Amino acid sequence: MVLKIGDKVRFLNEVGGGRITSVVSDDIVNVETNDGFEVPTRVNNLIVVNSPEVYESGRTRNTVAAPKPVAPPAKKAAKPEEPWFSDKNQVATKEEPQYLFALVPEIPANPPTGNISMYLVNNCNDTLLFRFATKNKYNYETVSAGSLSPNSKTYLGLIKPEMIAELPIYCFQLLNFRKRTKELEPFLQKEIALSAVKFYKQNTFVTTKLFKVPVMLVQINENPLKAELDKLTEHDFQKAAAQKEPKKKEPAIVLPNAEMVEIDLHIHELLDNYSNLTNTEMVTVQMKKFHEEMDKAIKSDVKKIVFIHGVGNGTLKNELRRELQRKYAKYDFQDASFREYGYGATMVIIRK
1408 MVLKIGDKVR FLNEVGGGRI TSVVSDDIVN VETNDGFEVP TRVNNLIVVN SPEVYESGRT
1468 RNTVAAPKPV APPAKKAAKP EEPWFSDKNQ VATKEEPQYL FALVPEIPAN PPTGNISMYL
1528 VNNCNDTLLF RFATKNKYNY ETVSAGSLSP NSKTYLGLIK PEMIAELPIY CFQLLNFRKR
1588 TKELEPFLQK EIALSAVKFY KQNTFVTTKL FKVPVMLVQI NENPLKAELD KLTEHDFQKA
1648 AAQKEPKKKE PAIVLPNAEM VEIDLHIHEL LDNYSNLTNT EMVTVQMKKF HEEMDKAIKS
1708 DVKKIVFIHG VGNGTLKNEL RRELQRKYAK YDFQDASFRE YGYGATMVII RK
């Protein structure tokens, strides 16, 4: 079956349908549903219900109607074409900008074992121009670019199971606008480093009205209130607190008291900018954090401490375990829960 842009189609395996807006590949097309969302759909899951090439009822391609004299149509004034960025598909409750990076698992019960589809969701009333890229040591590689109408989403690509251990940094450049505004919106850039550990945690994937299965959602733009709070200095907070509360004696530092603490040693969790560091320098930073947290746990009442080091090529894991055997030989250690961390974490037992 040959499908074309503009064909009206119905889904075979579920209720609903829409109009074909673009062709992704030989067996996948984008279908714009009645609620305005673009949904990538396999061709064999569609049936054409109204195509520009379908003849009127009662005719076939081999039947030609007898010509009838017709009066020349009255000339009508040409209507100006409506711009593609017109403010359609508006939702009253979605005035605040919200742009989401969504990761949709093929196997919701065990996400890391199947492909994970990536989407950009424009969950507001703005039109959005976007560039989606991956970052490596030397450059940014564009994966997808285009525009998104208000309250819609677009497919960006796949994360395969073998890619999870060594994910690139995902980068977005966004420009949002409306047909008529009082001021210009700022250009937005965001780099997202996903921890492999998150794919193994069930609570990472949440239920949402945007998708039929639980998904991982990462907000690309900041909450406006949080952005304003970030502008305040420490002095502003101290001044406000002094005005509301009488001076109190500064409390003593309390060491953590918990059954177990979790420390993520992934370099992007420790440093904002590490692009200029060598692999050796990064491991040095990670091991310094390891020693700090071990010493802190020993002095406190913590019973167990989990260090998340990832799978990778095993360099950090091996170095960490060598130090445990050398400096902390009195403490037992083992692989942390596979269900929670895969093979990417080590648990140290401080107290039994």
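Quick note on numbering: the sequence shown equals residues 1408 to 1759 in our numbering. Idealized CB from N, CA, C, for every residue including glycine. Values in this document were obtained by computation on a predicted structure and should not be read as measured data.
Comparing C-alpha distances from K1605 to each of L1624, K1589, K1619 shows the shortest one belongs to L1624. The Cβ atoms of I1454 and S1429 lie no closer than 8 angstroms to each other. Here the segment 1506–1520 makes contact with the segment 1608–1623; the two share three or more CB pairs at distances below 8 angstroms. Contact between D1434 and R1449 holds: their C-beta atoms lie close to 6 angstroms from each other, under 8 angstroms. In the three-state reduction of the DSSP assignment, N1610 falls in the helix class, which pools H, G and I. Looking only at K1597, M1570, P1518, the smallest Cα-Cα distance to L1527 is reached by K1597. Taking C-beta atoms as the reference points, F1714 and T1687 fail to come closer than 8 angstroms. Pairwise C-beta distances place the segment 1531–1539 in contact with the segment 1547–1556, as three or more of them are shorter than 8 angstroms. It is roughly 13 angstroms from the alpha-carbon of F1444 to the alpha-carbon of V1498. Within the same chain, Cβ atoms closer than 8 angstroms to the Cβ of N1628 are found at P1504, Q1505, Y1506, L1581, L1595, K1597, the five residues on either side in sequence being excluded. For A1704, the uninterrupted alpha helix (DSSP H) run begins and ends at 1686–1706, by DSSP. Counting C-beta atoms within 10 angstroms of its own C-beta, Q1693 has 16 or more neighbours from the protein chains shown and is therefore classed as buried. By the 16-neighbour rule on beta-carbons within 10 angstroms, Y1545 is exposed. L1731 is positioned such that its CB atom lies closer than 8 angstroms to that of V1755. The C-beta separation of Y1562 from S1602 comes to about 23 angstroms, leaving the pair out of contact by the 8 angstroms criterion. DSSP, read as helix, strand or coil, puts F1745 in helix.
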